[in-house]
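Take a look at the structure set out below.
2 protein chains.
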Amino acid sequence: MSPDPIPLRPNSKRQENERIILKAAEKVFAEAGYGGATMQLIADVAGRPKANVHYYFQTKEQLYRRVVSNIFDIWLQAADAFDGAKNPAEGIGAYIDAKMEISRKYPHGSKVWASEVMHGAPIIQDYLEIKLVEWTKDRAEVIQNWIDQGLMDPISPRHLLYLLWATTQHYADFGHQVETLNGGFPLDLDQWQEAKSSIKRIVLKGIGAEE
Amino acid sequence: MSPDPIPLRPNSKRQENERIILKAAEKVFAEAGYGGATMQLIADVAGRPKANVHYYFQTKEQLYRRVVSNIFDIWLQAADAFDGAKNPAEGIGAYIDAKMEISRKYPHGSKVWASEVMHGAPIIQDYLEIKLVEWTKDRAEVIQNWIDQGLMDPISPRHLLYLLWATTQHYADFGHQVETLNGGFPLDLDQWQEAKSSIKRIVLKGIGAEE
DNA sequence: AAGCTACCTGACCAATTGGTCAAGAACTTT
DNA sequence: AAAGTTCTTGACCAATTGGTCAGGTAGCTT
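Going down the list, the sequences are from chains F and L. 2 is the number of the first residue of the first sequence in my numbering; add one for each residue after it. 2 is the number of the first residue of the second sequence in my numbering; add one for each residue after it.
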């Protein structure tokens with residue numbers, strides 16, 4: 002019934018073309034939102050006819066889902082920085098660095114993710130309810146351990162995590178605002194560095210975890 | 002040529018109907034984004050035929066612009082909390098309270114605003130480039146004064162403001178995520194209180210401005 | 001060179017979109 | 001009660017949308 006053109010052994014051509022389309026889609030979804038994005042525009046940005054996009058991704062929703070889960074995986078990976086550490090200053094410091102690098106390197110993906118969650122996560126509820134809940138629980142426990150060991154002040158781990166997420170995402174999601182307030186120019190590398198150290202300074206001192 | 006049905010002395014009926022439509026529009030724009038929102042859905046939520054919505058707001062963009070500027074004005078008003086204060090703990094503390102109240106009371110509007118900025122502020126560039134730039138400059142000066150008076154640590158005022166905006170907005174914009182991580186329930190009043198005091202505690206200590 | 005599979009795409013379609021309009025209903029003002 | 005204004009809305013339209021499909025090409029395997 003369904004032709005289902007997905008080959009058994011992923012062809013290199015398919016992989017490459019999917020990559021190009023996903024990159025274009027990420028940009029268009031980020032700039033226009035899910036509802037505002039059109040398959041035609043994605044096709045144009047990817048430099049191919051619309052039917053070709055539909056050859057690789059049958060529906061708009063499938064394409065969108067791939068874009069979202071790609072960035073979500075990157076997002077979760079930043080947790081590695083968290084895990085190896087033996088004290089809050091090291092762990093949270095590294096986590097801030099990692100998340101800021103994500104905001105800098107994947108601004109489109111960050112926006113797509115933010116947009117998705119903001120609109121009630123209609124497409125990736127399952128991700129949120131399983132992976133994220135688990136991830137948060139683990140990390141909150143790490144923080145609680147630090148508190149119990151007297152390595153930092155007794156602060157609600159959950160609200161600390163929200164502060165970290167919000168602040169680091171801000172530089173991607175509200176990048177346009179940040180840019181406007183920077184005289185119309187994107188932050189340069191020095192300014193990114195300044196942002197990172199400002200955040201780390203406030204947060205680490207704020208939770209009583211200075212080195 | 003254009004009928005232009007706007008009466009010279011704003012009728013009370015018009016005011017009331019505009020209010021109802023604006024409220025419905027705010028919700029729909031927040032949940033679906035500008036591109037995903039439809040005039041038909043807004044009309045349905047407002048409980049009136051689509052043509053009636055078009056009677057009060059000629060175009061989708063005009064309606065949207067009104068929704069966005071309404072929330073932006075509320076957002077800027079929170080600055081009052083900032084201004085009256087004589088030291089950072091009081092000023093920034095009050096500002097955090099005010100912005101958290103906005104997140105709690107106007108979650109739809111906050112999302113619309115966030116969405117607009119995230120997509121490059123195509124509709125309200127002018128607002129951003131004039132009002133916001135000015136507002137930020139003023140507030141940054143207030144913070145700089147506090148620093149110069151030795152009332153707080155020497156921290157980049159700009160990045161501190163970003164941290165405040167991001168964190169307080171988070172509870173509205175990412176309300177769905179917060180709710181999911183709260184077992185599927187919205188924060189109750191005690192939890193909002195806990196959020197506020199956690200943020201204040203971290204930030205005020207973090208900038209060296211404890212009372 | 002024949003056969004198979006993956007890839008490609010112009011033309012097309014049903015559904016939905018923002019927006020219009022004309023004809024009338026409901027108020028105010030005179 | 002007539003005249004003028006504001007409000008209301010079903011029916012309609014041109015444009016755009018996501019998605020389909022048939023007929024073709026390119027490249028590997030035998």
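Here a beta-carbon is modelled for each residue, glycine too, at the ideal position from N, C-alpha and C. Predicted model only: the values in this text are computed from it and were never measured.
- Counting along the chain, the unbroken alpha helix (DSSP H) around Met40 (chain L) starts and ends at Met40 to Ala47.
- Distances from the alpha-carbon of Val113 (chain F) to those of F:Ala90, F:Leu165 and F:Arg67 put F:Arg67 closest.
- Using a 10 angstroms sphere on the CB of Pro155 (chain F), the tally of other CB atoms stays under 16, which defines it as exposed.
- A straight-line Cα-Cα distance of about 6 Å links His177 (chain F) and Gly121 (chain L).
- Going by DSSP, Ala173 (chain L) is part of the alpha helix (DSSP H) stretching over Pro158 to Asp174.
- In this chain, the alpha helix (DSSP H) harbouring Lys61 (chain F) covers Lys61 to Gln78.
- Listed in chain order, the non-local C-beta contacts of Gly92 (chain F) below 6 Å within the same chain comprise Phe83 and Ala86, local neighbours out to five positions each way being set aside.
- For Lys112 (chain F), the enclosing alpha helix (DSSP H) stretches over residues Pro108 to Met119.
- Residues of chain F whose Cβ lies closer than 9 Å to the Cβ of Asp174 (chain L) are, in chain order, Ala115, Val118, Met119, Ala167 and Asp174.
- Separation of Ser111 (chain L) and Glu211 (chain F) (C-alpha to C-alpha, rounded to the nearest whole angstrom) is 34 Å.
- Taking the beta carbon of Ala33 (chain L) as reference, the chain F residues within 8 Å of it are Gly36 and His120, listed in sequence order.
- Taking 8 Å as the threshold, the shortest C-beta distance from His109 (chain L) to chain F does not fall below it.
- Taking each of F:His171, F:Val179, F:Ile22 and F:Trp76 in turn and checking the Cα distance to Ala99 (chain F), the smallest one comes out for F:Trp76.
- Counting of Cβ neighbours within 10 angstroms places Thr60 (chain L) among the exposed residues, the total staying below 16.
- Looking from the CA of Trp193 (chain F), the closest CA among F:Lys106, F:Glu32 and F:Leu162 belongs to F:Lys106.
- At a cut-off of 8 Å between C-beta atoms, Ser70 (chain F) does not count as an interface residue with respect to chain L.
- Assigned with DSSP and collapsed to three states, Lys87 (chain L) falls in coil, not helix or strand.
- Look at Asp139 (chain F) here: in three-state DSSP terms it is helix.
- In the three-state DSSP reduction, Leu129 (chain L) falls in the helix class (H, G or I).
- Against chain F, the beta carbon of Gly207 (chain L) has neighbours under 9 Å at Arg202, Ile203, Val204, Leu205, Lys206, Gly207 and Ile208, listed in chain order.
- Any Cβ of chain F closer than 8 Å to the Cβ of Ile144 (chain L) would place that residue at the interface, and such an atom is absent.
- A distance below 8 Å separates the beta carbons of Tyr96 (chain F) and Ala79 (chain F).
- Within chain L, no C-beta atom comes nearer than 8 Å to that of Tyr65 (chain F); the closest sits roughly 12 Å away.
- In terms of CA proximity to Val143 (chain F), F:Leu161 leads the group F:Gly37, F:Glu17 and F:Leu161.
- The beta carbon of Glu195 (chain L) sits closer than 8 Å to some beta carbon of chain F.
- Against chain L, the CB of Ile156 (chain F) has a partner CB under 8 Å away; the residue lies at that interface.
- Here the region 128 to 139 of chain L does not lie against the region 196 to 206 of chain L, with fewer than 3 beta-carbon pairs under 8 Å apart.
- Around the beta-carbon of Phe58 (chain F), 16 or more other beta-carbon atoms lie within 10 Å, marking it buried.
- Gln16 (chain F) is outside the set of residues whose beta carbon lies under 8 Å from a beta carbon in chain L.
- Under the 8 Å Cβ criterion, the region 122 to 132 of chain L does not count as touching the region 180 to 187 of chain L, having fewer than three qualifying pairs.
- Of all residues in the region 124 to 145 of chain F, only Leu129, Glu130, Leu133, Val134 and Thr137 come within less than 8 Å of chain L when Cβ atoms are compared, listed by chain position.
- Taking all protein chains in view, the Cβ of Glu117 (chain F) is crowded by 16 or more other Cβ atoms within 10 Å, so the residue is classified as buried.
- The Cβ-Cβ distance between Trp147 (chain F) and Asn53 (chain F) does not fall below 8 Å.
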